[in-house]
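Data block below; observations after.
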Amino acid sequence: MGGLTVSPAGMGEGDSVSSSQAAGGNSIGGGQAAGPLLEVSGVVKSFRSGGEFAGRGAATVRALNGVSLRVFAGEVFCVVGESGCGKSTLAQVVAGLCRPDAGEVRFGGERIDHLSEKRRRPFRRAIQMVFQNPDASLNPRMTVEQTLTEVARFHFPALRAGAKARERAAEVLALTGLSADALGRFPHQFSGGQRQRLSIARALIARPQFVIADEPVAALDVSVQAQILNLLGDLRREQGLAFLFISHDLSVVREFGGRVAVMYLGRVCEEASCAELFAAPRHPYTRALLAAAPAVGKALPPLRSPGEPPSPTDLPGGCYFHPRCRYAEERCRGVVPGLFPPPTPPIGDGGGEEGSSGMGGTISSMGSGRTVACHAVAEGRI
Amino acid sequence: MGTANSDPPPQAAGGIEEGLLTVRGLSAVFGGRRALRGVSFSLSAGERLGIVGESGAGKSLLALSLLNLIAPPGKIDGGEILFCGRDILRMPEKELRAVRGARMAMVFQDPMTTLNPVLTVEEQLTECVLARGGVGKKEAREMALRRLREVAMPAAEARLRAYPHELSGGMRQRVVIAAALITNPLLLIADEPTTALDVTIQAEIMSLLAALCAGRQMALILITHDLSLASQMTDRLMVMYAGGVVESGATADVIRAPLHPYTRGLLAALPENQSGGRFNQIPGRMPSLAEVPGGCAFHPRCSIAREDCKIRTPVLEKAGGGRLVACPYCF
């Protein structure tokens, strides 16, 4: 990696706030931004299905099968994929809610996936999470004030005395577009959109550098969804927050911007800037995904059945997409394709890609470095 | 049983002049609160109608009303639902049962709430045919298999012995659709049929539904929150807000030139229509049944609301080109 790099924040216009500065004195990694803020390398994670009592009937669900990605300070990194692609497991691994079986997670250059609970604590503050369903992630018996000040007092000893935590709670509420009246109320007294604002406020009160948003608008109606997306966009610009934005909804990701990784059955199959990916998807799965997404003014896709994804308990060899892929050949069935820059840059200037130094699928997420894990693309067949 | 008899064309398809379904002034309350406010629309044979709106608009309640399936604390308290010329709301229970499932079928969002977890696919599919009598077990099995093939179920024959939990979400929804089709209904009501499914599977199911409707001259009511999906699937659109219809018309017209401020807001809020890096939001949210404001229910969120919108309840008025809109100020 080169010298000082403040990563491009995708398609965002005029990112005036310098990300390292906005992160404040609390930032992990010194804020020199020499390397990625978050670096996930070759993460593997499996679960036993059927619960603890399944005994011999239990199968192994292979949720993550070697995922690598890098997110820079102030950057938005989107992960898209359908159910079972491992995107939520990835979020949990990064947030430290579960430990990977193999691979590493680094934050600000420091390895964090194997830390003890005590040593993990500063990272728990710096990495905050917003979940899909605020009903499940907000305690229904705690007032907004209790929910927010608990977090503030836990992470900031200076806020433990007097009404300081309460003041701070009112501040973050204002940031999320809620008034201080909200403090005395319970989650059920708010609408779905407002509850999602509360979840965001709870994340913000910890003064994070990095926010993982796992399907933050999937449960919301479209008009309210727009409100929350605007709020997240503002926070990104004004607070210089880096985001790992996880969504199944291509239309949301497309407009949210930044970089995108498309996941399929626990592997990244394509990574590119949002603009590039949507302008010219390369991986056959990305193409299928884009073709299937409904849009106003777009015809229904032709009736043909490419079949359903295989079960994550019984994955095929080679490229996981090969049973559904019309470009699949012998090699695709036997050899796992690595993530590499495609040989022929699709459109515009493909020159100066710096990601090719990656080994074993780790490719820089800088600049326009698009990477695709597909034999057919690598061989120039598509 | 020979194949000649196996797939009879929808019996009444030829016999109905224009209105397969006519709903007039349908009103319902839920827990004592007004939930549907005088909904009227009609549907011809083979036509595909999309009912769109956000949660709380009353879409699902309307769907259940069409089958007279509202259970307490819900109650229909006005209007009529003419299906093939007969009022569903005033039908004897026996006749109603003949209509439900047989001539009007419904597909719900979550296939697991429709399918019985302890019955095999074959049992689920044949149950309804056998209950109606006149068909032997073997013949019913043949019918089930044919329907499974029609919905493009992979390895259909083997799936007859499967239980719902052994199937993926997409396959379960195929079974539900097969079950709905088994009696050759004239109208299929699909309430968010693909909301629980992945986008690639959704596309397959939707393409399948479109082909089935075309092939069978079956009318479709697609209830969805997804305006994009409705625009791809339907001939006509009806937009609902807080229990009432705010706009209806040919899908292409409504999408191209929405009239009602709510429809405009919904379309503008689609992520792809963001402008200047911001998503177009509609301020506020859909009111709950308890807090529907007086006058036009949308007025607190409306950018063109005037003083009398707070008092005067707008009615659906003709807006040219077969369109209806419930807003006097949106032209």
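One line per chain: the protein sequences are A and B, in this order.
Residue numbers for the first sequence follow the numbering used here, beginning at 22 and rising by one.
Residue numbers for the second sequence follow the numbering used here, beginning at 40 and rising by one.
Think of the CB as a built atom: it goes at the ideal place given N, C-alpha and C, for glycine as much as any other residue.
Nothing here was measured: the structure is a model prediction, and the numbers come from that model.
- Where N86(A) is concerned, the enclosing beta strand (DSSP E) starts and stops at T81 to V92.
- Comparing C-alpha distances from G334(B) to each of K176(B), C348(B) and A344(B) shows the shortest one belongs to C348(B).
- In terms of beta-carbon proximity, K319(A) lines the interface with chain B, with at least one pair separated by less than 9 Å.
- Contact between L256(A) and R216(A) does not hold, since their C-beta atoms are separated by about 17 Å, which reaches or exceeds 8 Å.
- Our two residues, A397(A) and R362(B), have alpha carbons roughly 50 Å apart in a direct line.
- Within 9 Å of the CB of Q212(B), no CB atom of chain A is found; the nearest one sits about 11 Å away.
- Per DSSP, the unbroken beta strand (DSSP E) holding S79(B) starts and ends at R72 to L82.
- In the DSSP assignment, C99(A) forms a beta bridge with F266(A) and V281(A).
- Restricting attention to alpha helix (DSSP H) runs no shorter than 4 residues, the segment 98–156 of chain A encloses them at 108–116 and 138–147, ordered along the chain.
- The CB of L250(A) comes closer than 8 Å to the CB of P310 and F318 in chain B, given here in chain order.
- Using a C-beta cut-off of 8 Å, the segment 334–341 of chain A makes no contact with the segment 281–294 of chain B, since fewer than three inter-stretch Cβ pairs fall below that distance.
- Shortest Cα-Cα distance from M130(B) to any of A110(B), L355(B), L106(B) and T61(B) involves L106(B).
- DSSP, read as helix, strand or coil, puts L253(A) in helix.
- Residue pairing by DSSP places E60(A) opposite R91(A) and R127(A) in a beta bridge.
- When the beta-carbon positions are compared, R223(A) and L169(A) come within less than 9 Å of each other.
- Per the coordinates, the alpha-carbon of A179(B) lies some 27 Å from the alpha-carbon of S246(B).
- Listed in chain order, the non-local C-beta contacts of A179(A) below 8 Å within the same chain comprise K185, local neighbours out to five positions each way being set aside.
- Here the segment 277–284 of chain A makes contact with the segment 95–105 of chain A; the two share three or more CB pairs at distances below 8 Å.
- If you check each beta-carbon in the segment 234–250 of chain B against every beta-carbon of chain A, the ones closer than 8 Å belong to D237, V238, T239, I240, Q241, A242, E243, M245, S246, L247, A249 and A250.
- Of the candidates G140(B), R303(B), S327(B) and G282(B), the residue whose Cα lies closest to the Cα of D292(B) is R303(B).
- Beta-bridge partners of T263(B) (DSSP): V91(B).
- Residue environment for V354(B): exposed (fewer than 16 other C-beta atoms within 10 angstroms of its C-beta).
- No Cβ of chain B is located within less than 9 Å of the beta carbon of D134(A).
- Interface criterion met: the Cβ of H269(A) is under 9 Å from a Cβ in chain B.
- Scanning its chain for C-beta atoms nearer than 6 Å, with the 5 sequence neighbours on each side dropped, one finds around I127(B) the residues N107 and I120, in chain order.
- The criterion of a C-beta distance shorter than 9 Å is not satisfied by D265(B) and T239(B).
- Within the segment 199–272 of chain B, the runs of beta strand (DSSP E) at least 3 residues long that lie entirely inside it are, in chain order, 226–230 and 258–263.
- Counting of Cβ neighbours within 10 angstroms places P156(B) among the exposed residues, the total staying below 16.
- Per DSSP, the unbroken beta strand (DSSP E) holding V62(B) starts and ends at L60 to F69.
- Within the segment 303–317 of chain A, contact with chain B at the beta-carbon level (separation under 8 Å) is assigned to A309, L310, A312, A313, A314, P315, A316 and V317.
- Those residues of the segment 211–239 of chain A placed with their C-beta closer than 9 Å to a C-beta in chain B are S212, G213, G214 and Q215, ordered along the chain.
- With respect to the 9 Å criterion, F361(A) and E236(A) are not classified as neighbours on the basis of their beta carbons.
- Separation of T165(B) and M151(B) (C-alpha to C-alpha, rounded to the nearest whole angstrom) is 18 Å.
- Close to R324(B), with beta-carbon spacing below 7 Å, are these residues of chain A in chain order: S212, G214 and V245.
- Secondary structure at T164(A): coil, using DSSP grouped into helix, strand and coil.
- Taking 9 Å as the threshold, the shortest C-beta distance from H264(B) to chain A falls below it.
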